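S.K.: Sharing a structure, written as C-alpha coordinates. Questions coming.
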(Lines of atoms letter the chains of each structure in order from A and count residues from 1; the text may use other names and numbers.)
(Lines give C-alpha, C1' and ligand atoms only; values in the text may rest on other atoms or scores of the structure.)
Protein backbone atom coordinates (compact mmCIF):
# COMPACT_ATOMS: atom_id res chain seq x y z
CA UNK A 1 0.00 0.00 0.00
CA UNK A 2 2.75 2.46 0.90
CA UNK A 3 4.37 1.83 -2.50
CA UNK A 4 1.21 2.52 -4.55
CA UNK A 5 -0.07 5.35 -2.33
CA UNK A 6 3.04 7.03 -0.89
CA UNK A 7 2.61 9.60 1.84
CA UNK A 8 2.04 10.02 5.55
CA UNK A 9 -1.58 11.19 5.86
CA UNK A 10 -3.07 7.84 6.93
CA UNK A 11 -1.77 5.24 9.33
CA UNK A 12 -2.90 1.72 8.42
CA UNK A 13 -2.70 -0.83 11.25
CA UNK A 14 -3.12 -4.60 11.03
CA UNK A 15 -2.29 -5.76 14.55
CA UNK A 16 -0.21 -7.61 15.54
CA UNK A 17 1.45 -7.81 12.11
CA UNK A 18 2.32 -4.24 11.31
CA UNK A 19 1.50 -0.66 10.48
CA UNK A 20 2.43 1.71 7.71
CA UNK A 21 1.79 5.27 6.72
CA UNK A 22 0.42 5.97 3.26
CA UNK A 23 -1.57 8.42 1.12
CA UNK A 24 -0.34 11.85 0.16
CA UNK A 25 -1.86 14.82 1.85
CA UNK A 26 -1.23 16.66 5.05
CA UNK A 27 2.33 17.13 6.21
CA UNK A 28 2.74 14.96 9.27
CA UNK A 29 5.91 15.06 11.35
CA UNK A 30 5.30 13.52 14.79
CA UNK A 31 3.02 10.96 16.39
CA UNK A 32 0.05 9.33 14.73
CA UNK A 33 -1.30 10.83 11.48
CA UNK A 34 -4.71 12.57 11.58
CA UNK A 35 -6.37 9.68 9.69
CA UNK A 36 -6.27 6.04 10.69
CA UNK A 37 -7.43 2.66 9.45
CA UNK A 38 -7.36 -0.53 11.50
CA UNK A 39 -8.46 -4.07 10.76
CA UNK A 40 -7.54 -7.69 11.42
CA UNK A 41 -5.26 -9.68 9.13
CA UNK A 42 -8.01 -11.73 7.47
CA UNK A 43 -10.03 -8.64 6.56
CA UNK A 44 -6.92 -6.85 5.25
CA UNK A 45 -6.01 -9.80 3.03
CA UNK A 46 -9.56 -9.94 1.67
CA UNK A 47 -9.49 -6.19 0.95
CA UNK A 48 -6.03 -6.37 -0.63
CA UNK A 49 -7.04 -9.21 -2.95
CA UNK A 50 -10.44 -7.83 -3.93
CA UNK A 51 -12.46 -10.49 -2.15
CA UNK A 52 -14.07 -7.86 0.09
CA UNK A 53 -15.15 -4.32 -0.71
CA UNK A 54 -14.28 -1.27 1.40
CA UNK A 55 -17.91 -0.33 2.18
CA UNK A 56 -18.79 -3.93 3.03
CA UNK A 57 -15.87 -4.16 5.47
CA UNK A 58 -16.88 -0.87 7.12
CA UNK A 59 -20.52 -1.89 7.40
CA UNK A 60 -19.63 -5.22 9.00
CA UNK A 61 -17.51 -3.54 11.67
CA UNK A 62 -14.40 -5.48 10.64
CA UNK A 63 -12.74 -2.28 9.43
CA UNK A 64 -12.40 0.94 11.43
CA UNK A 65 -11.50 4.12 9.56
CA UNK A 66 -11.44 7.74 10.69
CA UNK A 67 -10.18 11.03 9.31
CA UNK A 68 -10.65 12.89 6.05
CA UNK A 69 -8.27 10.78 3.93
CA UNK A 70 -9.11 7.39 5.44
CA UNK A 71 -10.98 6.01 2.40
CA UNK A 72 -8.50 3.59 0.84
CA UNK A 73 -10.94 2.20 -1.73
CA UNK A 74 -9.21 4.00 -4.65
CA UNK A 75 -6.04 1.97 -3.89
CA UNK A 76 -7.69 -1.43 -3.38
CA UNK A 77 -7.38 -4.17 -4.34
CA UNK A 78 -3.61 -4.21 -4.29
CA UNK A 79 -3.59 -7.49 -6.24
CA UNK A 80 -6.10 -9.85 -7.78
CA UNK A 81 -6.60 -13.28 -6.25
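In full-length UniProt numbering, the protein residues as written are 1 to 81.
Yeah, the Cβ is synthetic: ideal placement off N, Cα and C, and Gly gets one too.
What you are looking at is a predicted structure, and each value in this text was computed from that prediction instead of being measured.
Quick one: what's residue 68 bridged to in DSSP?
M.R.: The sequence position of residue 68 within the chain shown is 68, counting from 1. The partner list for residue 68 (beta bridge, DSSP) is empty, contrary to what the question assumes.
S.K.: Would you call the stretch 40-49 and the stretch 22-31 touching, i.e. three or more CB-CB distances under 8 Å?
M.R.: The stretch 40-49, when compared against the stretch 22-31, does not touch it at the 8 Å Cβ threshold.
S.K.: Could you give the first and the last residue of the continuous alpha helix (DSSP H) run that contains residue 22?
M.R.: Looking up residue 22 in the chain shown gives position 22. Not the alpha helix (DSSP H): residue 22 falls in the beta strand (DSSP E), residues 18-22.
S.K.: Indicate whether residue 20 and residue 10 have their beta-carbon atoms separated by less than 7 Å.
M.R.: Residue mapping note: residue 20 aligns to position 20 of the chain shown, counting from 1. Residue mapping note: residue 10 aligns to position 10 of the chain shown, counting from 1. No, they are not a contact pair.
S.K.: Whole angstroms is fine: what's the gap from residue 75's alpha carbon to residue 5's?
M.R.: Numbered from 1 along the chain shown, position 75 holds the residue referred to as residue 75. Numbered from 1 along the chain shown, position 5 holds the residue referred to as residue 5. Approximately 7 Å, taken between the alpha carbons.
S.K.: Return the chain-ordered list of same chain residues with a C-beta closer than 8 Å to the C-beta of residue 32, the five sequence neighbours on each side being excluded.
M.R.: The residue labelled residue 32 in the question sits at position 32 within the chain shown. Answer for residue 32: 11, listed in chain order.
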